[in-house]
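Residue numbers (the numbering used here), protein chains in the order written: chain P, 25 to 221; chain S, 25 to 221.
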């Protein structure tokens, strides 16, 4: 039976972006089904008393180099960080859940990640988000309206709570059943687990 | 010309242990010279306002699983954490510098790492340290006396200051020239850099 890989991500997380670029090929190689699970990294940090690594200046500097190392490793364009970083990803993560209702979450996720980390587009601007949704044939007005629904807001909160309950403390967080793997740099262990009998 | 890989390590760091198990083979494959550089992780944390990842409970739990994943990945025995962890590694790191004066630092480092993370030996006990040094034909009495010399104490402090000045914030930290790589999980980038023309 094909395994399911849950991918808890936040669009504000560069390491989640890096991991996201590998998921389609990983699914192809292993036959696994990838389930994109939007959550809010800031809320996970708050719940676990964790903090962004970038709060330590020396670590923040190294992260920038490391993003470059991973981008080259994966054959991606140089990773660009938004001018304002970290940015507020709340609306985007809600929109991700709307896309999920439409069965279009991976398309949404890939498009937004590319916009943020490859194309330097300002996804905190409603005009940019509208343009990006339209590019993918998504009804921006309907998406933005639905993103304000209590059901969507509650689903995002529930995803945060679920991830924290299952052990998450950062992003990206992967689950295969209840086995957890944390970080883009653990994808080789994820792949090994997906291939295990 | 063969490149030099500097390996800043602390015996209290399990990820430095994991990395240390790969260094001899890495040197063989790449022709690089590995320079073991003892420092004090606690002092690096203090200087950079970084903290041990284990201070976040959810992260601490994951680390234990992750140590197992890496041990299996490297074909090592299951990593055992000392009962008291983190332990005070100050004397051990000074002894590492004494071993360095004798040209025996890698032997010392490998022996102590094995004792701590594979054999569950209490390296905070003077008797155990004496026994371990003796096993490697090192004069324990002379080593322990020399470890108290001002020169050794100053060298350890200088190593911390140098590492922090060059950008370190955790362990293990690698340098190839001034290019820094942080973590056992970046050894594939270290190897790539060592192989680059």
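Where a beta carbon is used, it is the ideal one built from N, C-alpha and C, also for glycine. Computed from a prediction, not measured in an experiment: that's the story for all the values here.
### Query
Can you list, in chain order, the residues of its chain whose CB lies under 7 angstroms from that of residue 176 of chain S, leaving out five sequence neighbours each side?
The answer, listed in chain order, is 118, 121, 122, 170.
### Query
DSSP state of residue 57 of chain P, grouped into three classes?
Three-state DSSP puts residue 57 of chain P in a strand.
### Query
Is the beta carbon of residue 195 of chain S sitting closer than 7 angstroms to the one on residue 40 of chain S?
Cβ atoms of residue 195 of chain S and residue 40 of chain S: closer than 7 angstroms.
### Query
If the cut is a Cβ gap below 9 angstroms, which residues of chain S does residue 67 of chain P touch?
Within chain S, no residue comes near residue 67 of chain P; the closest Cβ sits about 14 angstroms away, beyond 9 angstroms.
### Query
How many angstroms separate the CA atom of residue 212 of chain P from the CA atom of residue 46 of chain P?
C-alpha separation (whole angstroms): 11 angstroms.
#### Entry: Span separating the alpha-carbon of residue 165 of chain S from that of residue 198 of chain P
So the alpha carbons of these two residues sit roughly 50 angstroms apart.
### Query
Buried or exposed: where does residue 64 of chain P fall if 16 or more other Cβ atoms within 10 Å of its Cβ makes it buried?
With 16 or more other Cβ atoms inside 10 Å of its own Cβ, residue 64 of chain P counts as buried.
### Query
In angstroms, rounded to a whole number, what distance separates the CA positions of residue 38 of chain S and residue 99 of chain P?
C-alpha of residue 38 of chain S to C-alpha of residue 99 of chain P: approximately 31 angstroms in a straight line.
### Query
In three-state DSSP terms, what is residue 108 of chain P?
DSSP places residue 108 of chain P outside both helix and strand once states are collapsed to three, so it counts as coil.
### Task
Identify whether residue 81 of chain P lies in helix, strand or coil by the three-state DSSP scheme.
The three-state reading of DSSP puts residue 81 of chain P in helix, counting H, G and I together.
### Message
Could you check whether the region 183-194 of chain P touches the region 82-96 of chain S, counting it as contact only if at least three pairs of C-beta atoms, one from each stretch, sit closer than 8 angstroms?
### Response
In the pairwise beta carbon analysis, the region 183-194 of chain P is classified as touching the region 82-96 of chain S: at least three pairs are separated by under 8 angstroms.
#### Entry: Whole-angstrom distance between residue 156 of chain P and residue 101 of chain P, CA atom to CA atom
Rounded to the nearest angstrom, the two C-alpha atoms are 19 angstroms apart.
### Query
What are the start and end residues of each continuous beta strand (DSSP E) run of 3 or more residues lying completely inside the region 187-214 of chain P, in chain order?
Entirely contained in the region 187-214 of chain P, the beta strand (DSSP E) runs reaching 3 residues are, in chain order, 197-200, 203-206.
### Residues of the region 85-116 of chain P whose Cβ lies closer than 8 angstroms to any Cβ of chain S, in chain order
Shown in chain order are the members of the region 85-116 of chain P whose Cβ falls below 8 angstroms from a Cβ of chain S: 85, 86, 89, 90, 93, 97.
### Endpoints, alpha helix (DSSP H) assigned at residue 132 of chain S
Annotation: the continuous alpha helix (DSSP H) that includes residue 132 of chain S extends over 129-141.
### Task
Could you tell me if residue 144 of chain P is buried or exposed, where buried requires 16 or more neighbouring beta carbons within 10 angstroms of its beta carbon?
When all chains shown are included, residue 144 of chain P counts as exposed.
### Query
What number of angstroms, rounded off, separates the C-alpha of residue 140 of chain S from the C-alpha of residue 77 of chain S?
Between residue 140 of chain S and residue 77 of chain S, the C-alpha separation is close to 20 angstroms.
### Query
Taking buried to mean at least 16 other C-beta atoms within 10 Å of its own C-beta, is residue 206 of chain P buried or exposed?
Residue 206 of chain P sits buried, since 16 or more C-beta atoms from the chains shown fall within 10 Å of its C-beta.
#### Entry: Proximal residues, the region 175-202 of chain P versus chain S, C-beta separation under 8 angstroms
Of all residues in the region 175-202 of chain P, only 188, 191, 192, 193, 194 come within less than 8 angstroms of chain S when Cβ atoms are compared, listed by chain position.
### Task
Work out the CA separation of residue 183 of chain S and residue 56 of chain S for me, nearest whole Å.
Each residue's Cα considered, the two are about 21 angstroms apart.
### Query
Using the beta-carbon of each residue, which ones in chain S are nearer than 8 angstroms to residue 74 of chain P?
Chain S residues near residue 74 of chain P: 80, 82, 83.
### Task
Please confirm if residue 209 of chain S has its CB atom under 7 angstroms from at least one CB of chain P.
True, the Cβ-Cβ gap to chain P drops below 7 angstroms.
### Query
For residue 167 of chain P, which residues of its own chain have a beta-carbon under 7 angstroms away from its beta-carbon, when the five flanking residues on both sides are left out?
Around residue 167 of chain P: 119, 122, 157.
### Query
Should residue 59 of chain S and residue 136 of chain S be called a contact, given that it needs their Cβ atoms to be closer than 7 angstroms?
One thing to note: residue 59 of chain S has its Cβ no nearer than 7 angstroms to the Cβ of residue 136 of chain S.
### Message
For a test of the three-state rule: what should DSSP assign to residue 63 of chain S, helix, strand or coil?
### Response
Judged by DSSP in its simplified three-state form, residue 63 of chain S adopts coil rather than helix or strand.
### Task
Return the CA-CA distance between residue 96 of chain P and residue 89 of chain P, expressed in angstroms with no decimal places.
Straight-line Cα distance between these residues: approximately 11 angstroms.
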